[in-house]
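S.K.:
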Amino acid sequence: MSQRHLPGQPHQLPRHNQPMASYQPEHFLLAVQDGVATVSLNRPERKNPLSFDSYAELRDFFRALVYAPDIHAVVITGAGGNFCSGGDVHEIIGPLTQLDMPGLLAFTRMTGDLVKAMRACPQPIVAAIDGVCAGAGAILAMASDLRYGSSRSKTYFLFNKVGLAGCDMGACALLPRIIGQGRASELLYSGRGLGAEEAERWGFYNRVCTPEAVLGEAQALAAQLAAGPTFANGITKKMLQQEWNMGVDEAIEAEAQAQAICMATNDFHRAYHAFVAKQTPVFEGN
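Residues 420 to 705 in this note's numbering are what the sequence shown lists, from first letter to last.
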């Protein structure tokens, strides 16, 4: 494996607190408009598989969003009528069979770091899922905060189909939180496809749209979130993540502290004064 393709190689992104709109990624497309970043996996001829490089660049991108002042919400999608077919068979699966245990562990930790980065960035992430959403693609969808699917989309947690465990990139921790333990167990043991109607009924999808509308509706939702109190949205995301490890009393105290912080923001004061004036508040994220 060449040095260029060693798992985890960092990518050059804007410095802390510099706009992300000028960043031109190598391994996906990025468009920024009105505070919404649309990340598009762009290998449509192969149904948008991930490579070592795209894993690492996505990880670094989501890590950098902590310091991106111009990004308030993210949409992740795939080009050409499919979301993501998972890890590239030729560029990832084949080379993995040649790695020793330290190399394998470096890879699995790197892919897990992508999920950690998605969960740690303060911006809500909306997945717009059309067509195939398989393997690592299903994990990207799972790691997002909200999921809009299309009527023809199908999601596969197919790790057992290639002789691997279902415990990939946090699936055994996160998927049961979304759809419940029994349903998650069924998908992770069987690797069967989850169709759009069932995914919405199980709570994996927030909404099912037509294939033509799914990206636009996801972007509209992201724009709505981006226009909201973005500092407070980031606190909501953090509390949703960390309260799973708390007891009820501990969670209530943590929320008391978090809400007190939000009450000290300018956005809270803007909302109050707008309400008194019978106007719609204009939030600025501070």
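Note that beta-carbon positions come from the ideal geometry of N, C-alpha and C, so glycine has one too. All of these numbers come straight from a predicted model, not from anything done at the bench.
Determine the closest residue to residue 458 out of 509, 515, 537, with distance taken between C-alpha atoms.
M.R.: Mapped onto the sequence shown, residue 458 falls at position 39. The shortest C-alpha to C-alpha distance from residue 458 to any of 509, 515, 537 is the one to 537.
S.K.: Hey, out of 451, 610, 667, whose CA is closest to residue 557's CA?
M.R.: Here residue 557 is taken as the residue at index 138 of the sequence shown, counted from 1. Between residue 557 and the set 451, 610, 667, the nearest pair of CA atoms involves 610.
S.K.: In whole angstroms, give me the CA-to-CA distance for residue 480 and residue 471.
M.R.: Here residue 480 corresponds to residue number 61 of the sequence shown, with the count starting at 1. Here residue 471 corresponds to residue number 52 of the sequence shown, with the count starting at 1. Near 14 Å, if we compare the C-alpha coordinates of residue 471 and residue 480.
S.K.: State the Cα-Cα distance for the pair residue 577 and residue 702, rounded to the nearest angstrom.
M.R.: Mapped onto the sequence shown, residue 577 falls at position 158. Mapped onto the sequence shown, residue 702 falls at position 283. Going by the C-alpha atoms only, they are around 42 Å apart.
S.K.: Would you call the stretch 540-548 in contact with the stretch 474-493, where contact means no fewer than 3 C-beta pairs closer than 8 Å?
M.R.: yes
S.K.: With DSSP run on the structure shown, which of helix, strand or coil describes residue 656?
M.R.: Position 237 of the sequence shown, counted from the start, is the residue given in the question as residue 656. Residue state, collapsed to three classes: helix.
S.K.: Leaving out the 5 sequence neighbours to the left and right, which residues in its chain are closer than 6 Å to residue 704 when beta-carbon positions are compared?
M.R.: On the sequence shown, residue 704 is found 285 positions in, with the first residue counted as 1. Taken in chain order, the residues that qualify are 649, 650.
S.K.: On the criterion of 16 or more Cβ atoms from any shown chain inside 10 Å, does residue 661 qualify as buried, or is it exposed?
M.R.: Residue numbering aside, residue 661 sits at position 242 when the sequence shown is read from its first letter. Residue 661 is exposed by the Cβ-count criterion.
S.K.: Taking only three categories from DSSP, how would you classify residue 697?
M.R.: Within the sequence shown, numbered from 1, the residue matching residue 697 stands at position 278. The answer is coil: DSSP assigns residue 697 none of H, G, I, E or B.
S.K.: Using DSSP bridges, identify the partner residues of residue 626.
M.R.: Within the sequence shown, the letter at position 207 stands for residue 626. BP columns for residue 626 point to 567.
S.K.: When the distance is taken between beta carbons, is residue 500 closer than 8 Å to residue 630?
M.R.: Translated into positions along the sequence shown, residue 630 becomes position 211. Translated into positions along the sequence shown, residue 500 becomes position 81. In this structure, residue 500 lies closer than 8 Å to residue 630 by Cβ.
S.K.: Hey, how far is the Cα of residue 635 from the Cα of residue 496?
M.R.: Counting from one through the sequence shown, the residue named residue 635 turns up at place 216. Counting from one through the sequence shown, the residue named residue 496 turns up at place 77. Those two C-alpha atoms are separated by around 11 Å.
S.K.: Take the Cβ of residue 550 as the centre, count every other Cβ of all protein chains shown within 10 Å, and call the residue buried at 16 or more, exposed below.
M.R.: Taking the sequence shown and counting its residues from 1, the one referred to as residue 550 is at position 131. Residue 550 is buried by the Cβ-count criterion.
S.K.: Report buried or exposed for residue 504, applying the criterion of at least 16 other Cβ atoms within 10 angstroms of its Cβ.
M.R.: Translated into positions along the sequence shown, residue 504 becomes position 85. Buried, since its Cβ has 16 or more Cβ neighbours within 10 Å.
S.K.: Between residue 645 and residue 493, what straight-line distance do the alpha-carbon atoms span, to the nearest angstrom?
M.R.: Within the sequence shown, numbered from 1, the residue matching residue 645 stands at position 226. Within the sequence shown, numbered from 1, the residue matching residue 493 stands at position 74. Answer to the nearest angstrom: the Cα atoms are 9 Å apart.
S.K.: What first and last residue would you give for the beta strand (DSSP E) that runs through residue 449?
M.R.: The residue you call residue 449 lines up with position 30 of the sequence shown. Unbroken beta strand (DSSP E) run through residue 449: 448-452.
S.K.: When you compare only the Cα positions, how much space is there between residue 695 and residue 688?
M.R.: Residue mapping note: residue 695 aligns to position 276 of the sequence shown, counting from 1. Residue mapping note: residue 688 aligns to position 269 of the sequence shown, counting from 1. When rounded, the distance between both Cα atoms is 11 Å.
S.K.: Taking the beta strand (DSSP E) that residue 613 falls in, what are its first and last residues?
M.R.: Start at 1 with the first residue of the sequence shown, and residue 613 comes out as number 194. Residue 613 -> beta strand (DSSP E) spans 612-614.
S.K.: When the Cα of residue 491 is compared with those of 545, 524, 511, which residue comes out closest?
M.R.: Residue 491 sits at position 72 when you count from the first residue of the sequence shown. If we check each option's Cα against that of residue 491, 545 comes out closest.
S.K.: Leaving out five residues before and five after residue 520 in sequence, what residues of the same chain have Cβ atoms less than 8 Å from its Cβ?
M.R.: Here residue 520 corresponds to residue number 101 of the sequence shown, with the count starting at 1. Closer than 8 Å at the Cβ level, and outside the excluded window around residue 520, lies no residue.
S.K.: Could you check the C-alpha separation between residue 565 and residue 697 for me, to the nearest Å?
M.R.: Numbered from 1 along the sequence shown, position 146 holds the residue referred to as residue 565. Numbered from 1 along the sequence shown, position 278 holds the residue referred to as residue 697. Each residue's alpha carbon lies about 31 Å from the other.
S.K.: Using 8 Å for Cβ pairs, my map puts residue 591 next to residue 607. What's the rounded Cβ distance?
M.R.: By 1-based counting over the sequence shown, the position of residue 591 is 172. By 1-based counting over the sequence shown, the position of residue 607 is 188. Their Cβ separation, rounded to whole angstroms, is 7 Å, which keeps residue 591 and residue 607 in contact under 8 Å.
S.K.: Thinking C-beta only, is residue 572 closer than 8 Å to residue 502?
M.R.: In the sequence shown, the residue the question calls residue 502 occupies position 83. In the sequence shown, the residue the question calls residue 572 occupies position 153. Cβ distance < 8 Å, so residue 502 and residue 572 count as in contact.
S.K.: Find the nearest neighbour of residue 488 within the set 692, 686, 437, 579, judged by alpha-carbon distance.
M.R.: For the purposes of this step, residue 488 is taken as residue 69 along the sequence shown, with counting starting at 1. The shortest C-alpha separation from residue 488 is found at 437.
S.K.: Ordered along the chain, which non-local residues of its own chain (more than five positions away) have a Cβ less than 6 Å from that of residue 637?
M.R.: As a working note, residue 637 is residue 218 in the sequence shown. Same-chain partners within the cutoff: 494, 545, 547, 567.
S.K.: So if DSSP puts residue 497 in a beta bridge, which residue, or which two residues, is it bridged to?
M.R.: The residue given as residue 497 occupies position 78 in the sequence shown. Residue 497 is bridged to 460.
S.K.: Give me the DSSP bridge partner(s) of residue 575.
M.R.: For this step, residue 575 is matched to residue 156 along the sequence shown. Beta-bridge pairing links residue 575 to 553, 612.
S.K.: Does the beta-carbon distance from residue 515 to residue 523 come in below 8 Å?
M.R.: In the sequence shown, the residue the question calls residue 515 occupies position 96. In the sequence shown, the residue the question calls residue 523 occupies position 104. Yes, they are a contact pair.
S.K.: Hey, would you say residue 589 sits closer than 8 Å to residue 508, going by beta carbons?
M.R.: As a first step, residue 589 is located in the sequence shown; it is residue number 170 there, counting from the start. As a first step, residue 508 is located in the sequence shown; it is residue number 89 there, counting from the start. No, the pair does not count as a contact, with Cβ atoms beyond the cut-off.
S.K.: Which residue wins for smallest C-alpha separation from residue 465, given the options 451, 617, 553?
M.R.: Along the sequence shown, read from residue 1 onward, the residue named residue 465 stands at position 46. That would be 553, whose Cα lies nearest to the Cα of residue 465.
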